[in-house]
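Okay, so here's the structure we're looking at.
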Amino acid sequence: METSKKYDLTGVNGAAVFRDLPVGLKLLMGDDGRIVEILANAHDGAVLIVKVVENQNNPSSVGEEQTIFYADVKEAVE
Numbered sequence: 031m032e033t034s035k036k037y038d039l040t041g042v043n044g045a046a047v048f049r050d051l052p053v054g055l056k057l058l059m060g061d062d063g064r065i066v067e068i069l070a071n072a073h074d075g076a077v078l079i080v081k082v083v084e085n086q087n088n089p090s091s092v093g094e095e096q097t098i099f100y101a102d103v104k105e106a107v108e
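In the working numbering, each residue carries its 1-based index in the sequence shown increased by 30.
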């Protein structure tokens, strides 16, 4: 997957971009490299509800729903 240049989560505007991420977008997580897909975004800038779609370190987690925070995300991917 490629890094999404449309959704830059770095720098001073990263948190504002996180707040407006669309449902269906895939994210690369910074802690373990899993790929998640956004299921719900309250657009409050606090959390996203996601589903794990790829996890090489823990394949049994694929399909799990999780709550993630801005600091957990490494980058958006396409």
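All C-beta atoms in this analysis are idealised placements derived from N, C-alpha and C, irrespective of residue type, glycine included.
These figures come from a predicted structure and were not determined experimentally.
- In its chain, beyond the 5 residues on either side, V82, V83, E84, N85 have a beta carbon closer than 8 Å to the beta carbon of V92.
- About 6 Å separates the Cβ atoms of D102 and G60, confirming a contact at the 8 Å cut-off.
- Using a Cβ distance threshold of 8 Å, V66 and I98 count as a contacting pair.
- Per the C-alpha coordinates, the member of Y100, E108, T40 positioned closest to L78 is Y100.
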